[in-house]
Amino acid sequence: MRAKDFLVIKVQPWGLLSVVGLLAGAATLAGFARGLPEPVLVLGDLNASPWSSHFRRFLRDSGLRDSAQGRGVQPTWPAGMPWLWIPIDHCLHSPQLQVVARHVGPNLGSDHYPVVVDFVVNRK
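Going left to right, the sequence shown walks through residues 13 to 136 as the working numbering numbers them.
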């Protein structure tokens, strides 16, 4: 697939954003992602677990899918404190993409573990 046929959106909320600001940004991104014809990946630390009502609303409104769905809990933060681990780093994808494999990578020196996802494009 040519790079121009694929859109990657990296997200990272900075600091302690107000709930209103965070939800407004999520609504804008959800509408943008839903309107795109090409395959889309939204990647990053969303500061939300998959159990968050805001996260579930974002998936519903954007039409994106969670690459972790059906793969068990894969915590990514905080690295080095396994008793607190939660999955807040995400790889969301449009329905044109199918997850082949997904796992949490090794500690690379960050306070977050990386998420590694392999995809194929559904050409239907």
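All C-beta atoms, glycine included, are put in the ideal place defined by N, C-alpha and C.
Note that the coordinates shown come from a computational prediction; the quantities given were computed from them, not determined experimentally.
CB-CB length for residue i against residue j, believed under 8 Å
i: Val20; j: Leu55; result: 7 Å
i: Ser106; j: Pro51; result: 5 Å
Reduced DSSP category for residue i - H, G, I as helix; E, B as strand; rest coil
i: Gly121; result: coil
i: Trp63; result: coil
i: Gly47; result: coil
i: Asn134; result: coil
i: Arg83; result: coil
Whether residue i touches residue j by CB criterion (9 Å)
i: Asp101; j: Val132; result: no
i: Pro99; j: Ser61; result: yes
i: Asp73; j: Val23; result: no
i: Gly92; j: Asn119; result: yes
i: Phe70; j: Leu41; result: yes
Extent of the continuous beta strand (DSSP E) to which residue i belongs
i: Val23; result: Leu19 to Val23
i: Ala113; result: Leu109 to Val116
i: Val104; result: Just to set this straight, residue 104 is Leu in the shown sequence, not Val. Start and end: Asp101 to His105.
i: Leu55; result: Val52 to Asp57
Residue-level contact to chain B via CB, residue i, 9 Å cutoff
i: Leu19; result: Any reference to chain B falls outside this structure, which holds one protein chain only.
Would you say the stretch 40 to 51 touches the stretch 79 to 86, given that touching needs at least three Cβ pairs under 8 Å? no
Flag this pair as touching only if the stretch 106 to 115 and the stretch 58 to 69 have three or more C-beta atom pairs under 8 Å; answer yes or no. no
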